[in-house]
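First the structure, in the form of structure tokens, and then the observations on it.
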Amino acid sequence: MSFGKNKLINNAINRSYALMDSNVRSSTHKAYEFCKQTILDDESLTENEKSEAIGILTENYDHNKLLFNAGTKRICENCNQKCLATTYCENCVRNYLKENFSNWTSGNVIIDNLIQKCQIKTIVPYLIPEWIPYNNLQNIKYLAKGGFSEIYTASWIDGHFIEWDSERQQLKRFGNQIVILKRLKNVENASQSWIEEVCNLKIKKVNK
1 MSFGKNKLIN NAINRSYALM DSNVRSSTHK AYEFCKQTIL DDESLTENEK
51 SEAIGILTEN YDHNKLLFNA GTKRICENCN QKCLATTYCE NCVRNYLKEN
101 FSNWTSGNVI IDNLIQKCQI KTIVPYLIPE WIPYNNLQNI KYLAKGGFSE
151 IYTASWIDGH FIEWDSERQQ LKRFGNQIVI LKRLKNVENA SQSWIEEVCN
201 LKIKKVNK
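For the sequence shown, counting from 1, position 46 maps to 46 in full-length UniProt numbering; every step adds exactly one.
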């Protein structure tokens, strides 16, 4: 679930969820409409804060619609396919990722196939697993050693995907951001099960 940086907005969103009864909560669409109206009626928020809060609610609404495959579908004005998301088209996002499969490789077929498998099941733009080339990282610094790996910090030049640009038909990135790296031993001899274990957290986020 997404939240903003504004504590007042986050509190208002939490209140809207808390005020829901079980009948409303059982329907993804009813829950969204209830929270949206609750935010609009909240006199503690400015109009800009209400807009930001509704944007967060809509982002969560899209995530839940695809996660549970529930809700009314619409026809995408770009690909003319039915889609569930309201602020983007999941089909357009997946097709965009597919078209870029040939533009990157980890050098390991098993890893490539696993990442691609996750990407074609993407439900939200900000939870897309991808391969980050080493030359896209800067200021790599050793942090600590933990278990069977060494921990580093680094600056990811482009940053992760954050949203779908419907006008340009492409994914937008966050921009430069600090990330945590793990240097794993014996990665050259990685088996399918080893790689799936390493990627387990991300797979759960995508396929949950």
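Beta carbons are placed, not taken as given, at the ideal position from N, Cα and C, and that holds for glycine.
Minimum Cα-Cα distance from I178 among the listed residues L171, W156 and L184 corresponds to W156. In the DSSP assignment, K172 falls outside any alpha helix (DSSP H) and lies within the beta strand (DSSP E) extending over Q170 to R173. Just so you know, the alpha carbons of R183 and Y142 end up roughly 10 Å apart. Excluding sequence positions up to five before and after K65, its CB lies within less than 7 Å of the CB of T28, G71, L84 and A85, all in the same chain and listed in chain order. Contact between I115 and P129 holds: their C-beta atoms lie close to 6 Å from each other, under 8 Å. The beta carbons of Q169 and N103 sit no closer together than 8 Å. Boundaries of the alpha helix (DSSP H) harbouring L57: E47 to L67, taken from the DSSP string. Contact annotation: L8 and L45 have beta-carbon atoms nearer than 8 Å. Here N60 is buried. Its C-beta has 16 or more other C-beta atoms within 10 Å. L181 counts as buried, since at least 16 other C-beta atoms from the protein chains shown sit within 10 angstroms of its C-beta.
When C-alpha distances from R74 are compared across V24, C89 and E43, the shortest belongs to C89.
Secondary structure note for A144: its beta strand (DSSP E) is the uninterrupted segment L137 to G146.
In the three-state DSSP reduction, V124 falls in the coil class, being neither helix nor strand.
Runs of the alpha helix (DSSP H) lying entirely within the region 87-131, each at least 4 residues long, are 90-99 and 109-119 in chain order. Counting of Cβ neighbours within 10 angstroms places L19 among the exposed residues, the total staying below 16. Excluding residues up to 5 positions away in sequence, T28 lie with their Cβ nearer than 7 Å to the Cβ of F68 in the same chain.
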